[in-house]
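Asker:
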Amino acid sequence: MQTNFLWGGAISAGQTEGNKNHVKSKLSNFDMLPMDERRLQPVYKDDDNNIFNTYNDDHHPSDLGIDFYHTYIQDIKLLHDLGINAFRFSISWTRLFPTGEEEIPNQDGMKFYRNIFKELEKYNMEPIVTLSHFEIPLNLITKYGSWSSRNVIDLFLHYADIVMTEFSKYVKYWIPFNELNMILHIPFIGGGLVFTRKDNVLQKEYQAAHYQLLANSLVIKHGYQINPTFKFGCMIAAGRTYPYSPNPEDVWAANLSDRKALLFSDVQVRGNYPSYFDNLCKQNNLNLDITDKDLKILRENTVDFVSFSYYSSACSAADGDNLKHTATNGFETVKNPYLTNEDGVWQVDPLGLRITLNQLYERYERPVFIVENGLGTTKDRVIDGQIHDTYRIKYLDQHFTEMKKAIEEDGIPLIGYLMWGIIDLVSVSQGKMSKRYGVVYVDLDDSENGTNKRIKKDSFFWFKNYLSLNGLGE
Ligand code: BG6
Numbered sequence: 001m002q003t004n005f006l007w008g009g010a011i012s013a014g015q016t017e018g019n020k021n022h023v024k025s026k027l028s029n030f031d032m033l034p035m036d037e038r039r040l041q042p043v044y045k046d047d048d049n050n051i052f053n054t055y056n057d058d059h060h061p062s063d064l065g066i067d068f069y070h071t072y073i074q075d076i077k078l079l080h081d082l083g084i085n086a087f088r089f090s091i092s093w094t095r096l097f098p099t100g101e102e103e104i105p106n107q108d109g110m111k112f113y114r115n116i117f118k119e120l121e122k123y124n125m126e127p128i129v130t131l132s133h134f135e136i137p138l139n140l141i142t143k144y145g146s147w148s149s150r151n152v153i154d155l156f157l158h159y160a161d162i163v164m165t166e167f168s169k170y171v172k173y174w175i176p177f178n179e180l181n182m183i184l185h186i187p188f189i190g191g192g193l194v195f196t197r198k199d200n201v202l203q204k205e206y207q208a209a210h211y212q213l214l215a216n217s218l219v220i221k222h223g224y225q226i227n228p229t230f231k232f233g234c235m236i237a238a239g240r241t242y243p244y245s246p247n248p249e250d251v252w253a254a255n256l257s258d259r260k261a262l263l264f265s266d267v268q269v270r271g272n273y274p275s276y277f278d279n280l281c282k283q284n285n286l287n288l289d290i291t292d293k294d295l296k297i298l299r300e301n302t303v304d305f306v307s308f309s310y311y312s313s314a315c316s317a318a319d320g321d322n323l324k325h326t327a328t329n330g331f332e333t334v335k336n337p338y339l340t341n342e343d344g345v346w347q348v349d350p351l352g353l354r355i356t357l358n359q360l361y362e363r364y365e366r367p368v369f370i371v372e373n374g375l376g377t378t379k380d381r382v383i384d385g386q387i388h389d390t391y392r393i394k395y396l397d398q399h400f401t402e403m404k405k406a407i408e409e410d411g412i413p414l415i416g417y418l419m420w421g422i423i424d425l426v427s428v429s430q431g432k433m434s435k436r437y438g439v440v441y442v443d444l445d446d447s448e449n450g451t452n453k454r455i456k457k458d459s460f461f462w463f464k465n466y467l468s469l470n471g472l473g474e
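For what it's worth, the UniProt record's numbering labels the leading residue of the sequence shown as 1, then goes sequentially.
Given below as structure tokens:
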């Protein structure tokens, strides 16, 4: 592994920071999510045009998160003890601009993030900053309809401008949006979208996606003006889709499934919509506001590296109705008979990481960056103050082995590996603490009861040792 390889961990604001008091005027889409399966479902306005009547008074896990707002100093110190040299986190748009429309950012919020950068600097840890990790101020949803409105682009650019200018000296790697393809699967989380029963859902999703892609390019354009050494990455939830069988119909179904992710990286890396996009619009009666000027901006402002999350591969069949299905990141997939869920909530497929790295590098020939990977499981138990997570050690070991092969045997220029949820956090899909990813355990249960104490799991010591032998050295 080359010496400048970024070995790190990743978290997001909404899943960790807390310090919210549920004042509606200061909240984001993410803060509104309840703690059950409704989180992933599309949100519809009710007959009185209200958006959130259905889950107004629910418990909201992001109110506390893991209280990272107050614990970041000890948490970053723990990560330093682990031996990593990179840390991805997101800045909360809403913390800095509670309604999304203020001119001046909230100063406490700016101080909080500046302090994080200073802690990272102290330990020589490279920050990788996401500007929007499934987050948009609630006010912009109710007032403009979120990303379905072009107006939101300038408001996002103002936020991005302040952050990139203020923190320019600390940050090199920026990811403007987390997993842009998620807007097609979880549109409220991915883009703050709220539907009426009359809406053409796809029209709204693709329109919002276009405005996000445009905002992404404009952030890049402006970012280089602030600091020409900045590096920008796209971000898709990746994971190659396999055909269920060699039947050409299944192969084609798998291709179609992959398009739902690759369309988003195609635009961000190549600078244009793929060849089938016009037909996709025709077939679905989409009439999108995409101007020639927009297309020029997309073409001229592409990303420097291809960053992605990988949890598992997916599987598709032309006629999958009678096949078993299983959940994966953001959607359901046909269950792959060669993979198991015995260790994690989702299927585990280490070789799929190598396959996906090759898929993305062969397609784009730009440096790639694994910015999320990890095992989300409900198996962690504290026994005598310890967590013996052998399944997580196995997962990391197997994924690191495939990653090494991709670098050494396939010649893939990989910038780094960031383990997702390196400290336990609130799961996006479940809204619970009990689906855990970390090598650091957080003593909070699903009702947020507990001491909030951090405990190093066995995987922490394994990862630390791995890094000293294979990664960064002592
Ligand atoms: C990715 C997100 O989609 O998957 C993360 O970027 C998320 O925010 C991760 O936590 C794992 O998903 P989940 O539902 O297990 O939290």
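Backbone N, C-alpha and C fix where the C-beta goes; we use that ideal spot for every residue, glycine too.
How is the beta strand (DSSP E) around VAL23 delimited, first residue to last?
Answerer: Taking the first residue of the sequence shown as 1, we reach residue 23 at position 23. That residue, VAL23, is in no beta strand (DSSP E); it is neither H nor E in DSSP.
Asker: Run through the segment 267-349 for me and flag every whole alpha helix (DSSP H) of 4 or more residues, listed as ranges in chain order.
Answerer: 277-283 and 292-300
Asker: According to the Cβ coordinates, are GLY223 and ASN29 closer than 8 Å?
Answerer: As a working mapping, residue 223 is identified with position 223 in the sequence shown. As a working mapping, residue 29 is identified with position 29 in the sequence shown. No.
Asker: Distance check for CYS315 and GLY352, CA to CA, integer angstroms please.
Answerer: By 1-based counting over the sequence shown, the position of residue 352 is 352. By 1-based counting over the sequence shown, the position of residue 315 is 315. Taking the straight line joining both Cα atoms gives about 11 Å.
Asker: Would you mind listing the alpha helix (DSSP H) stretches within the segment 105-161 that are 4+ residues and don't spill past its ends, in chain order?
Answerer: 107-122 and 138-144
Asker: Report yes if the C-beta of TRP93 is less than 7 Å from at least one heavy atom of ligand 1; otherwise report no.
Answerer: Here residue 93 refers to the residue found at position 93 of the sequence shown. No, ligand 1 has no heavy atom inside 7 Å of this Cβ.
Asker: Would you be able to state if there are at least three C-beta pairs under 8 Å between the segment 341-355 and the segment 386-402?
Answerer: yes
Asker: Ligand 1 heavy atoms versus the CB of PHE134: any closer than 7 Å?
Answerer: Position 134 of the sequence shown, counted from the first residue, corresponds to residue 134. For ligand 1, at least one heavy atom lies less than 7 Å from the Cβ of PHE134.
Asker: Given this structure, state the Cα-to-Cα distance separating ASP67 from ASN452, to the nearest angstrom.
Answerer: Translated into positions along the sequence shown, residue 67 becomes position 67. Translated into positions along the sequence shown, residue 452 becomes position 452. Near 8 Å, if we compare the C-alpha coordinates of ASN452 and ASP67.
Asker: Measuring only from the beta carbon, is SER12 closer than 7 Å to any heavy atom that is part of ligand 1?
Answerer: As a position in the sequence shown, residue 12 is number 12, starting the count at 1. The answer is yes for SER12.
Asker: Could you tell me the alpha carbon to alpha carbon distance between GLN207 and LYS26, rounded to whole angstroms?
Answerer: Taking the sequence shown and counting its residues from 1, one reaches residue 207 at position 207. Taking the sequence shown and counting its residues from 1, one reaches residue 26 at position 26. Each residue's Cα considered, the two are about 26 Å apart.
Asker: Any heavy atom of ligand 1 closer than 7 Å to the CB of SER427?
Answerer: The count along the sequence shown starts at 1 and reaches residue 427 at position 427. Yes, the beta carbon of SER427 sits closer than 7 Å to at least one heavy atom of ligand 1.
Asker: Determine the DSSP secondary structure at LEU6, reduced to helix, strand or coil.
Answerer: Translated into positions along the sequence shown, residue 6 becomes position 6. LEU6: strand per DSSP, three-state reduction.
Asker: CB of GLN347 to nearest heavy atom of ligand 1: below 7 Å?
Answerer: As a first step, residue 347 must be located in the sequence shown, where it is residue number 347. No, the beta carbon of GLN347 sits no closer than 7 Å to any heavy atom of ligand 1.
Asker: Let me confirm a value: ASP349 is counted as buried when at least 16 other C-beta atoms fall within 10 Å, else exposed. Which label applies?
Answerer: By one-based count along the sequence shown, residue 349 stands at place 349. It is buried - the Cβ of ASP349 has at least 16 other Cβ atoms within 10 Å.
Asker: Let me check you understand the geometry: is the CB of GLY421 closer than 7 Å to at least one non-hydrogen atom of ligand 1?
Answerer: Counting from 1 along the sequence shown, the entry for residue 421 is found at position 421. True, at least one ligand heavy atom lies under 7 Å from that Cβ.
Asker: Relative to ligand 1, is the shortest distance from any of its heavy atoms to the C-beta of ALA238 smaller than 7 Å?
Answerer: Against the sequence shown, residue 238 aligns to sequence position 238. Not so, every heavy atom of ligand 1 lies at least 7 Å from the Cβ.
Asker: If you drop the 5 nearest sequence neighbours on each side, which residues of the same chain put their C-beta closer than 6 Å to that of ASP458?
Answerer: Residue mapping note: residue 458 aligns to position 458 of the sequence shown, counting from 1. Once the five neighbours on either side are set aside, the close Cβ partners of ASP458 are HIS388 and ASP389.
Asker: Please return the same chain residues whose Cβ sits closer than 6 Å to the Cβ of ALA160, not counting the five positions on each side in sequence.
Answerer: Counting from one through the sequence shown, the residue named residue 160 turns up at place 160. Excluding sequence neighbours, ALA160 sits near LEU131 and VAL219.
Asker: Would you list the one or two residues that DSSP bridges to TRP252?
Answerer: If you number the sequence shown from 1, residue 252 lands on position 252. In DSSP, TRP252 forms no bridge with anything.
Asker: Roughly how many whole angstroms lie between the Cα atoms of TYR44 and SER146?
Answerer: Position 44 of the sequence shown, counted from the first residue, corresponds to residue 44. Position 146 of the sequence shown, counted from the first residue, corresponds to residue 146. About 14 Å.
Asker: With DSSP as the reference, label SER217 as helix, strand or coil.
Answerer: Here residue 217 refers to the residue found at position 217 when the sequence shown is read from its first residue. Judged by DSSP in its simplified three-state form, SER217 adopts helix.
Asker: Just verifying my parser: in three-state terms, what is the DSSP assignment at SER28?
Answerer: Mapped onto the sequence shown, residue 28 falls at position 28. In this structure, SER28 counts as strand in the three-state DSSP scheme.
Asker: Among LEU78, PHE156, MET125 and ASP63, which has the Cα closest to the Cα of GLU103?
Answerer: Sequence index remark: in the sequence shown, residue 103 carries index 103 (1-based). Considering only alpha carbons, the answer is PHE156.
Asker: Closest to LYS77 by C-alpha separation, out of GLY65, ASN449, ASN465 and VAL440, would be which residue?
Answerer: Within the sequence shown, residue 77 is the residue found at index 77, counting from 1. Ranking the options by Cα distance to LYS77, first place goes to VAL440.
Asker: For GLY473, count neighbouring C-beta atoms within 10 Å of its own C-beta (all shown protein chains included) and say buried if the count is 16 or more, exposed if not.
Answerer: Indexing the sequence shown from 1 puts residue 473 at position 473. The pLDDT assigned to GLY473 is 47, lower than 50, so where the model puts this residue is not dependable, and the model offers no usable value.
Asker: Once you ignore the five residues that flank HIS80 on each side, which residues in its own chain have a CB closer than 6 Å to its CB?
Answerer: Against the sequence shown, residue 80 aligns to sequence position 80. Excluding residues within five positions, the ones whose Cβ falls inside 6 Å are TYR123.
Asker: Measuring from the CB of ASN139, is there a heavy atom of ligand 1 at a distance below 7 Å?
Answerer: Position 139 of the sequence shown, counted from the first residue, corresponds to residue 139. No, Cβ of ASN139 sits at least 7 Å from all heavy atoms of ligand 1.
Asker: Closer than 8 Å by C-beta to LEU414: which residues in its own chain qualify, once you throw out the five before and the five after it? Chain order, please.
Answerer: In the sequence shown, residue 414 corresponds to position 414, counting from 1. Answer for LEU414: PHE5, LEU357, PRO367, VAL368, PHE369, ILE370, MET403, ALA406 and ILE407, listed in chain order.
Asker: Taking its Cβ as the centre, do 16 or more other Cβ atoms sit within 10 Å of ASN373, making it buried, or is it exposed?
Answerer: Here residue 373 corresponds to residue number 373 of the sequence shown, with the count starting at 1. Under this definition ASN373 is a buried residue.
Asker: Can the beta-carbon of PHE308 be found less than 8 Å from the beta-carbon of ILE236?
Answerer: Locating residue 308 in the sequence shown gives position 308, where the first residue counts as 1. Locating residue 236 in the sequence shown gives position 236, where the first residue counts as 1. Taking 8 Å as the Cβ cut-off, PHE308 and ILE236 qualify as a contacting pair.
Asker: In the DSSP assignment, the alpha helix (DSSP H) including LEU396 goes from what residue to what residue?
Answerer: Mapped onto the sequence shown, residue 396 falls at position 396. Run containing LEU396: 390-408, per the alpha helix (DSSP H) assignment.
Asker: Determine the direct distance from the alpha carbon of SER313 to that of residue 475, and round the result to whole angstroms.
Answerer: As displayed, the chain neither begins before 1 nor continues past 474, which places residue 475 out of reach and without an answer.
Asker: Report yes if the C-beta of GLU37 is less than 7 Å from at least one heavy atom of ligand 3; otherwise report no.
Answerer: This structure simply doesn't include ligand 3; it includes ligand 1 instead.
Asker: Is DSSP giving GLU474 helix, strand or coil here?
Answerer: Numbered from 1 along the sequence shown, position 474 holds the residue referred to as residue 474. Below a pLDDT of 50, predicted positions are generally treated as unreliable, and GLU474, at 42, falls in that range; no measurement from the model is reported.
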